[in-house]
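Everything below concerns the one structure shown next.
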Amino acid sequence: MSAPAPSPVPNPPRPPRDCTFTPTDWAALARFWYPVAYESELPADKPIQRTLLDELLVLFRSGDRVVAAKDLCIHRGAPLSMGWLEGGEIVCAYHGFRYAADGRCTRVPAQPDAAIPKKLCMQTFATELRYGLVWVCLSPDPIRPIPDWPLQLDPTLKHMRLPPQDWRAAAPRQAENFNDVSHLSWVHTGTFGNRDRPEVERYEVTEDEHGISFDAPYHLDANKMAANPNGTSRILYQYRMRFPFFTFLIINFSDGKHYYLWDLPSPVSARRTRVFFLMAQDYGLDADTAEIMRFQENVLNEDRPMVESQRPEELPLDLAEEFHIRADRFSTHFRNALRRFGLGADYTA
Ligand code: FES
Ligand SMILES: [Fe+2]
């Protein structure tokens, strides 16, 4: 079964000013949840600004919840992220209007005795804290839930995460690269890739309403075994991609050990992506975290210049535009699924 076409949203949110996406792409993407920050990036006493799908967001803590709102005070258009927090509410730095976590304006200092109209509010968005990340959906009607990753919550694993990375690339290009098996023996020869074993065994792809999955074996370079806890070279990759762009990758070593990766590209704009990258392993619980992170960063730094150089910058969803080989079966499913979600309609209409 594949992803069905989405039903229309009753009151669709409007694309932001200077939107770099086509209107239909933006509307299709706005219906998914995305991580916008690590929870640890949020100070206790200050708002921060982040960007999702060209929408400027202000994020702040209010009690034990996190609020995401349009970074705009409706009074005179000042960014609320320039303000500060008082009693779980955000104070605009320009004229001191104050907004509660539900968006209501609670104080207009220049006229303290006047009633505050209901319309005077900041526009909030659905927000969830999950896996140490702040997730936001810009639409009131999300088309898929935040992916379910029980292993992210498993306390017996050694958990790690990289600082957010900003790529000058489209999120689906980044996501497709992460699910690309045939580049491993070419791009990753500085870390684990094996130039002597470039062939990709035939693999089966399964697709359901939540995503695309496939398993592929790989032979690491025996001389570059930093990636490998037991020194054997054959591993099995299990890719579990969740729409629109998030991939959980299970790396199975032949002695039963596992290394887990979560590649979470968040679309800042059509050609900018903030990548959140989580890792976990069920071995070497006392291993040097900094060393593992350095290795993982080196791997991503091998991908990045390639992905940032791909043309066109947007992922071509018309399969005739690029050439696909058997090893690209994931990509053909991925591109077709994105089309069914309504992406690329402007080009193909
Ligand atoms: S612009 Fe925010 S209070 Fe005036
Ligand atoms: Fe790669």
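Using our numbering, the letters of the sequence shown map in sequence onto residues 157 to 505. Virtual Cβ for every residue (Gly too), placed ideally from N, Cα, C. These numbers come from a predicted model, not from an experiment.
Terminal residues of the beta strand (DSSP E) in which Pro191 lies: Secondary structure note for Pro191: its beta strand (DSSP E) is the uninterrupted segment 190-194.
7 angstroms Cβ shell around Gly233 - same chain, five flanking residues per side excluded: Within the same chain, no residue comes within 7 angstroms of Gly233 by CB-CB distance, once the 5 residues on both sides are set aside.
Spatial neighbours of His375 in its chain, beta-carbon cut-off 7 angstroms, leaving aside the 5 residues before and after: Non-local beta-carbon contacts of His375 in its own chain, meaning distances under 7 angstroms to residues more than five positions away in sequence, involve Asn350, Arg353, Ser389, Arg390 in chain order.
Gln267 (DSSP reduced to helix, strand or coil): Coil.
With 16 other Cβ atoms within 10 Å as the buried cut-off, status of His344: Its Cβ being crowded by 16 or more others within 10 Å, His344 is buried.
Burial state of Arg324 (16 or more Cβ within 10 Å): Label assigned to Arg324: exposed.
Gly500 burial status per 10 Å Cβ neighbour count (16 or more: buried): Looking at its Cβ environment, which holds 16 or more other Cβ atoms inside 10 Å, Gly500 is buried.
Where Ala493 falls, given that 16 or more other Cβ within 10 Å makes a residue buried: It counts as buried.
Reduced DSSP category for Phe370 - H, G, I as helix; E, B as strand; rest coil: Residue state, collapsed to three classes: strand.
For Ile448, three-class secondary structure by DSSP: Looking at Ile448 - three-state DSSP - the assignment turns out to be helix.
Chain E within 8 angstroms of Thr429, Cβ atoms only: Absence of chain E from the displayed structure is noted, only one protein chain being present.
Separation of Ala266 from Gly243, as counted between CA atoms: Gly243 and Ala266 have their C-alpha atoms roughly 20 angstroms apart.
Inter-residue Cα distance where the pair is Thr262 and Asp336: Roughly 51 angstroms between the two C-alpha positions.
Other residues of its chain near Met238: CB distance less than 6 angstroms, five sequence neighbours each side excluded: Contacts found: Ala249.
Ala505 versus Glu447 - alpha carbon distance: Unreliable positioning characterises Ala505 in this predicted model, as indicated by a pLDDT of 46, which lies under 50. A coordinate reading is not provided.
Residue interval of the beta strand (DSSP E) (run including Pro320): Membership of Pro320 in the beta strand (DSSP E) is indicated by the continuous run 314-323.
Residue(s) in a DSSP beta bridge with Pro301: Paired residue(s): none; Pro301 is not in a bridge.
Per-residue DSSP class, three states only, for Arg491: Helix.
Span separating the alpha-carbon of Val455 from that of Glu332: In this structure, the straight-line span from the alpha carbon of Val455 to that of Glu332 is close to 16 angstroms.
For Pro421, the residue or residues it bridges with in DSSP: Answer is Val431, bridged to Pro421.
CB of Thr347 within 8 angstroms of CB of Glu458, strictly: Yes, the pair counts as a contact, with Cβ atoms nearer than the cut-off.
Residues passing the C-beta test against ligand 2 heavy atoms, cut-off 6 angstroms: Residues flagged by the Cβ proximity filter: Asn333, His339, Val343, His344, Asp459.
Rounded separation between Tyr395 and Asp210 - CA only: Cα to Cα, Tyr395 sits roughly 29 angstroms from Asp210.
Best match in Ile204, Pro373, Asp227, His366 for proximity to Ser410 [C-alpha to C-alpha]: With distances taken between Cα atoms, Ser410 lies closest to Pro373.
CB contact flag (Ser425, Pro191, <8 angstroms): No, they are not a contact pair.
Heavy atom of ligand 1 within 7 angstroms of Tyr395 beta-carbon: Because no heavy atom of ligand 1 lies under 7 angstroms away, the Cβ of Tyr395 does not count as near it: no.
Residue span of the alpha helix (DSSP H) that contains Val343, given as start and end: Where Val343 is concerned, the enclosing alpha helix (DSSP H) stretches over 340-343.
Contact set, ligand 1 heavy atom to C-beta under 7 angstroms: Result (chain order): Cys229, His231, Arg232, Gly233, Ala234, Cys248, Tyr250, His251, Gly252, Phe253.
CA-to-CA distance, Phe253 to Asp269, given in whole angstroms: When rounded, the distance between both Cα atoms is 14 angstroms.
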